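If you're matching them up, the sequences are chains A and B in order.
So that you can map any letter, position 71 of the first sequence is 307 in the working numbering, and since no number is skipped, the others follow by simple counting.
So that you can map any letter, position 127 of the second sequence is 210 in the working numbering, and since no number is skipped, the others follow by simple counting.
Where a beta carbon is used, it is the ideal one built from N, C-alpha and C, also for glycine.
From a predicted model like this one, the values you see are computed outputs, not experimental measurements.
Worksheet for the structure shown next.
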Amino acid sequence: MNQAKMKVAKAKTQKVLNILITYCILVVVAFVFFFPCMWLVLASFSKSGSIYSFDGFFPAEYGFDAFRTLFTDTVMYDYPKWFLNTLFIASMSCIIGTVLTILTAYCMSRFRFKSRKAMMKTTLVLGMFPSFMGTIAVYLMMTQFNLINQHWGLILIYSAQAPMGYMVQKGFFDTIPYSIDEAARIDGASNFTVFVKFILPLSKPILVYTALTAFTWPWSDFILPKMLLIDKNLYTVAVGLMSLGETEFARFAAGSIFIAIPIIVLYFCLVKYMINGMAAGAVKE
Amino acid sequence: MKAIAKCKNFFKTLSEKLKALPKKLSARFAGAKEILSQGNGKVTASMAVMGLGQLLYRQWAKGAMFLFVQIAFVTYFILTGATDLFGFFTLGTREGNAWYGVEGDNSVVMLIMGILAIFMIVLYIAIYIANVKDAYRIQCAVDTLKEPAAFREEAGALLDKSFHKTALALPVIGVCVFSILPIVFMILIAFTNYGDTIVPPALVSWVGLENFRKILTLGQFAPTFFKIFGWNMLWAVMSTALNYLAGLGLALLLNKACVKGKAIWRAFPILAYAIPGFITLLGFKFMFSYGGPINYYIQQGGGEAVGFLGLDAKWSARFIGLGVNAWISIPSTMLLATGILSNVNTDLYEAARVDGASAWKQFIKITLPYVLFATTPVLITQFIGNFNNFGIFYFLRDGLNIDGYFLASDTDLLINWLYRMSIDNNYYSIGAAISLVIFIITSVISLAVYVLSPSYKQEETFR
């Protein structure tokens with residue numbers, strides 16, 4: 237009798253301990269991920285810009301100066317212009333890139349044509365090359381096409397390279413049952429109609445996932461813009477922020493917050509789609 | 084033992100495929116033989132001049148299109164194509180001299196244009212074959228007293244039966260020009276002496292395997308290469324393992340029944356995931372800089388400021404890189420694992436509990452195999468991504484030259500070295516050779532892992 241009671245009590249303490257440890261780890265994890273973000277937010281509200289005037293992680297004095305200079309002092313660092321440039325490049329590449337990727341993935345999933353296997357293997361092998369191994373060639377080609385120092389050059393590269401990552405999307409389309417296609421085809425719909433009217437409405441999660449990845453890549457890329465954009469007026473935010481030193485730390489933090497917020501909001505709204513899209517792609521890849 | 088058996092199996096299927104190759108090829112040529120022996124005069128006309136056969140069969144629109152392609156290609160070839168193709172082999176013969184006003188050949192541009200010319204020829208041949216096949220198809224239709232398909236019908240098929248051709252045209256062209264062409268260019272550059280002092284207007288020439296010999300034997304490059312390679316492997320293995328296990332652990336932790344408010348706990352890693360990488364990296368660089376907060380507290384405590392990322396900070400910089408990389412990549416692994424865990428069949432756990440399996444046993448026997456199976460492809464991509472992780476050390480420690488290294492620092496990965504060599508210092512051909520080496524390493528490793536993984540064998544069962 238007593239022994240059984242002790243056993244129950246032991247199991248109970250074990251359970252409590254288990255919960256306690258779990259929460260402890262969770263708090264630590266949350267702190268680790270949250271603290272650097274908070275540090276940047278605090279830093280953006282510091283009155284003096286330089287990192288040397290901070291008391292450790294915290295600014296000595298608080299104020300909105302960094303945000304004011306960010307948008308008004310545009311002689312040296314024209315942040316508003318950079319922001320608009322980035323927005324333009326990212327949105328255009330997102331639209332074109334998403335369309336191309338979805339089309340590629342759909343064809344690879346639904347059609348069985350002669351060069352299909354060869355194309356799949358080629359993309360697999362191409363994906364193993366270091367990504368900017370070809371950047372020198374891209375640079376030389378862009379000079380030949382006269383697209384250096386122009387936003388459309390970047391957009392062209394981003395959207396043209398996007399279909400290479402069609403695998404996740406193909407995995408998603410593989411999970412949509414063929415019976416939908418067949419039923420529609422019996423009703424006399426063409427393949428084009430099947431795709432637009434039946435498949436697309438079903439693939440909202442993967443559309444969102446694709447658009448999001450196609451948007452964030454140019455939004456935060458720095459290699460290509462740094463190489464292809466020479467004029468300071470044409471810079472994207474990534475290249476522009478890289479040119480800020482330790483004495484401009486507050487301005488860097490403020491600029492970072494403005495570039496990070498749209499992405500963060502997007503991610504939180506769409507996190508459900510993201511999980512579904514990634515999981516679907518991973519299992520079937 | 085199992086691994087060896089699997090490897091053997093892989094090579095066995097490979098050799099079987101090779102043996103079947105002649106048969107496959109002859110099957111492919113059977114079609115060509117049939118056209119050659121059975122085709123009538125009009126098909127031969129199409130062989131001589133593209134589109135002629137179609138025109139003779141009164142297929143005006145299609146015939147005109149093929150004819151147009153023929154004319155366009157011939158014009159292109161006469162105007163620039165032939166010289167471009169020739170230039171591909173010579174890489175220029177006339178050296179420019181600004182002093183005498185001689186405009187010389189630009190070898191690099193000639194190389195790119197040469198590759199483009201080869202692409203064009205391949206494309207032309209493909210269209211040419213399609214043209215002959217089309218003519219033969221019309222002949223067959225006419226011979227069997229059927230009406231050959233009208234142009235409007237065939238154009239309509241582009242949205243239906245051959246929708247994939249329409250849809251794939253643009254992506255394929257884009258990938259060819261902006262992914263394949265540059266890679267081909269770089270592969271070819273690895274076999275030339277382009278770079279260092281030999282940049283246009285100087286003439287570049289083909290040198291064969293010279294660059295690889297230089298990397299492996301020359302005192303300038305070889306020690307740096309092997310040192311960086313060793314660290315690169317270590318880095319790739321460590322960071323992949325760390326990110327994978329930590330991400331999986333985090334997902335499992337959040338998946339526990341006793342955790343309340345999962346959405347809130349999950350929000351913190353997602354926050355980290357959403358912040359663009361360059362901001363995180365620059366932020367951490369500021370954090371560990373001489374005037375940064377960490378050093379501030381060290382000085383407050385009476386210590387000396389430490390150069391965490393400075394010149395002689397070998398291992399501290401490496402560990403900071405590892406940590407920062409984990410901070411950036413763990414959330415995505417967590418999201419992925421969360422998605423996969425939600426797909427695990429819960430009946431399995433029920434059954435295991437009834438049989439008295441402990442939580443640990445359940446994890447080892449059910450969760451881990453499933454997750455491992457589902458994520459092997461992702462694991463490979465992550466490994467390659469980490470092997471070629473350019474951003475981390477580019478932002479944390481750019482531009483350092485350390486003793487014993489040629490144009491590199493002790494934290495640099497091969498990809499950083501490649502960048503420094505080719506973009507900043509003009510060693511183009513050596514850089515290209517290094518990237519070929521990187522490619523060979525990564526592809527061999529990932530292929531081996533892929534063949535050994537359970538996902539490989541059962542790929543088609545998931546269809």
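- In this structure, the straight-line span from the alpha carbon of phenylalanine 267(A) to that of glutamine 445(B) is close to 30 Å.
- Scanning its chain for C-beta atoms nearer than 8 Å, with the 5 sequence neighbours on each side dropped, one finds around leucine 337(B) the residues Lys345, Trp348, Arg349, Met417 and Thr421, in chain order.
- DSSP places cysteine 223(B) in the uninterrupted alpha helix (DSSP H) bounded by 190-226.
- For threonine 472(A), the closest of Ala326(A), Asp301(A), Ile255(A) and Ile257(A) by C-alpha to C-alpha distance is Ala326(A).
- Legend: CB atoms of the segment 267-294 of chain B lying less than 7 Å from CB atoms of chain A belong to residues Phe268 and Met269.
- Not a single CB atom of chain B sits nearer than 7 Å to the CB of alanine 302(A).
- Proximity of proline 376(B) to chain A, defined by a Cβ-Cβ separation below 7 Å, is satisfied.
- Counting along the chain, the unbroken alpha helix (DSSP H) around phenylalanine 476(B) starts and ends at 474-479.
- Listed in chain order, the non-local C-beta contacts of isoleucine 521(B) below 6 Å within the same chain comprise Leu497, local neighbours out to five positions each way being set aside.
- A direct Cα-Cα distance of roughly 20 Å separates tyrosine 509(A) from alanine 398(A).
- Boundaries of the alpha helix (DSSP H) around aspartate 417(A): 414-422.
- Within chain A, the residues placing a beta-carbon under 8 Å from that of phenylalanine 369(B) are Ile287, Glu482, Phe485 and Phe488, ordered along the chain.
- For glycine 278(B), the pairing in a beta bridge is given by DSSP as Ile281(B).
- Leaving aside the five residues that flank methionine 269(B) on each side, the residues in its chain whose CB is nearer than 7 Å to its CB run, in chain order, Ala515 and Ser518.
- Contiguous beta strand (DSSP E) elements confined to the segment 245-312 of chain B do not occur, taking only those with 3 or more residues.
- In the three-state reduction of the DSSP assignment, proline 295(A) falls in the strand class, which pools E and B.
- For serine 441(B), there is no enclosing alpha helix (DSSP H), since its DSSP letter is neither H nor E.
- Secondary structure note for glycine 406(B): its alpha helix (DSSP H) is the uninterrupted segment 397-424.
- Within chain B, Ala357, Ile358, Pro359 and Ile362 have C-beta atoms less than 8 Å from the C-beta of alanine 496(A), given in sequence order.
- At a beta-carbon threshold of 9 Å, the residues of chain B lying near leucine 477(A) are Phe361, Ile362 and Leu365, ordered along the chain.
- Each of Ile287(A), Asp457(A), Met478(A) and Thr337(A) was checked against the Cα of leucine 443(A), and the nearest Cα belongs to Thr337(A).
- The Cβ neighbour count for isoleucine 493(A), taken over all protein chains shown within 10 Å, is at least 16; the residue is labelled buried.
- With contacts defined as CB atoms closer than 7 Å, glycine 292(A) and tyrosine 379(B) qualify as a contacting pair.
- Cβ contact annotation for alanine 334(B) (same chain, cutoff 7 Å, sequence separation greater than five): Met417, Ala420, Thr421 and Leu424, in chain order.
- Rounded to the nearest angstrom, the Cβ distance from arginine 480(B) to alanine 409(B) is 17 Å, too far for a contact under 8 Å.
- Under the 7 Å criterion on CB atoms, serine 526(B) is classed as interfacial with respect to chain A.
- For leucine 317(B), no chain A residue has a C-beta closer than 9 Å to its own C-beta; the minimum C-beta separation is roughly 18 Å.
- Listed in chain order, the non-local C-beta contacts of glycine 330(B) below 7 Å within the same chain comprise Ile413, Thr416, Met417 and Ala420, local neighbours out to five positions each way being set aside.
- Rounded to the nearest whole angstrom, the CA to CA distance from tryptophan 500(B) to tyrosine 477(B) is 10 Å.
- Close partners of leucine 253(B) in chain A (Cβ separation under 7 Å): Leu336.
- In this structure, leucine 390(A) keeps its C-beta atom at 7 Å or more from the C-beta atom of leucine 320(A).
- One finds Ile353 in chain B with Cβ atoms closer than 7 Å to the Cβ of valine 507(A), taken in chain order.
- Beta bridge pairing from DSSP links phenylalanine 290(A) with Pro295(A).
- For tyrosine 313(A), no Cβ of chain B is located within less than 7 Å of the residue's own Cβ.
- Of the residues Phe269(A), Thr358(A) and Phe349(A), the one whose Cα lies closest to the Cα of serine 245(B) is Phe349(A).
- Ranking Ala279(A), Gly370(A), Thr340(A) and Thr371(A) by CA distance to the CA of methionine 356(A) puts Thr340(A) first.
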